[in-house]
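Line by line, the protein sequences are chains G and W. For the first sequence, my numbering assigns the number 1 to the initial residue and increments by one for each residue that follows. For the second sequence, my numbering assigns the number 1001 to the initial residue and increments by one for each residue that follows. What follows is one structure encoded as structure tokens, with my remarks underneath.
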Amino acid sequence: MKRWLSIVLLTLGLATVAHAAIDTYQFKSESERLRFRELTQELRCPKCQNQDIADSNAPIAADLRREIFRMLGEGKDNQQIIDFMVDRYGEFVRYKPALTSRTALLWFGPGGLLLAGFVVIGVIVRRRRRQPVQQFDDLSDTERQRLKRLLSPIPLDKDHP
Amino acid sequence: MKRWLLLVPLAMFLLVAVFLYRGLYLDPSALPSAMIDKPFPAFSLPAVKDGKPMTRNDLVGKPALVNVWGTWCVSCREEHPVLTRLAQQGVLIYGINYKDDNAAAIKWLADFHDPYQLNVSDAQGTLGLNLGVYGAPETFLIDAKGVIRYKHVGVIDDAVWRQELAGRYQALVDEAQP
Chain G
1 MKRWLSIVLL
11 TLGLATVAHA
21 AIDTYQFKSE
31 SERLRFRELT
41 QELRCPKCQN
51 QDIADSNAPI
61 AADLRREIFR
71 MLGEGKDNQQ
81 IIDFMVDRYG
91 EFVRYKPALT
101 SRTALLWFGP
111 GGLLLAGFVV
121 IGVIVRRRRR
131 QPVQQFDDLS
141 DTERQRLKRL
151 LSPIPLDKDH
161 P
Chain W
1001 MKRWLLLVPL
1011 AMFLLVAVFL
1021 YRGLYLDPSA
1031 LPSAMIDKPF
1041 PAFSLPAVKD
1051 GKPMTRNDLV
1061 GKPALVNVWG
1071 TWCVSCREEH
1081 PVLTRLAQQG
1091 VLIYGINYKD
1101 DNAAAIKWLA
1111 DFHDPYQLNV
1121 SDAQGTLGLN
1131 LGVYGAPETF
1141 LIDAKGVIRY
1151 KHVGVIDDAV
1161 WRQELAGRYQ
1171 ALVDEAQP
């Protein structure tokens, strides 16, 4: 019990660390607040490259958060806001890159590889099933007789030369 | 089983190895600018020195370097002498004083040297945002029509000028004079 309690407390401690950047914004509605959160987590900070702008304390991330808040207030939809960022900072800022010919490999590569793996396994399994054990096929008649002789139990009679 | 199939894993490994090897020498902090070949964004901001209102039209007309700087930016101090020397050689340089205190900017320009033909005060960082600036110093190369043709992120030193910017600037100057 005590151990569980400490685990829960420690986990709660982590939760506050995960959202380090705190601004005070007054949202008009709960849905706007959720959209703000969604957008700031989907956009990447250009300066501190492996953080989203929700999480980053870099000045540029704060500017971008302010800008997103402003655009939400103007009633822009998510796509417009993302386009605004991409126009200025490039595809780089999106954690979910748009599906284009350049990013197709990124989107479908892993799935494609997994599929290819299944196909290879399937082919191997089928081939094994189709060819039952054919051990003697490539032996000639004399070889086969010799093999039989070799495999036959050694006669136990003592007077064998 | 066909023999050549055995080579498939090796081929895949080599392919991945080539990509990873290339990745070793890429600079992950270098971002391709989304602004290349786009017109310099419109703005309406005061000048640093006298607060006179300025717009995009003040910067357009000749090929120029547009240098985003701030007094809070340590590496801007480092590139300042290089810019000064370039200005003395006749390179046209405009400044954007990015998210800075105007009085500090004026003092900086008086204390050191002012290599900028014009200096825009972008205290709120709005022009910087429209330019896709994510940290000073950044330098844009614009052509005579005001289209952004190149962007350098980071300090301009002699090597950067020689290798990256001088040729491109000269090409724009040549382009502007038929």
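C-beta: ideal position from N, C-alpha, C; glycine also. Just so we're clear, the structure is a prediction, and the values are computed from it rather than from any experiment.
Rounded to the nearest whole angstrom, the CA to CA distance from S56 (chain G) to D1122 (chain W) is 23 Å.
Inclusion of E42 (chain G) and R94 (chain G) in the CB contact set at 8 Å is warranted, their separation being smaller than that value.
When only Cα atoms are considered, R149 (chain G) and Q131 (chain G) end up about 27 Å apart. If you check the CB distance, G117 (chain G) and L1031 (chain W) do not come in under 8 Å. For R1056 (chain W), DSSP assigns no beta-bridge partner whatsoever. K1049 (chain W) places its beta carbon less than 8 Å from that of I1106 (chain W). For P97 (chain G), no CB of chain W lies under 8 Å from its own CB, so it is not counted at the interface with that chain. The three-state secondary structure of P1046 (chain W), taken from DSSP, is strand.
Across the set W:L1165, W:Y1169, W:L1141, W:L1129, the C-alpha of W:L1129 shows the shortest separation from the C-alpha of A62 (chain G).
The Cβ of Y1134 (chain W) sits closer than 8 Å to at least one Cβ of chain G. Annotation: Cβ neighbours of G1125 (chain W) in chain G (cutoff 7 Å, chain order): D63. K148 (chain G) sits in a helix when the DSSP states are folded into three classes. With fewer than 16 other CB atoms across the displayed protein chains lying within 10 angstroms of its CB, T142 (chain G) is exposed. For E1164 (chain W), the three-state secondary structure derived from DSSP is helix.
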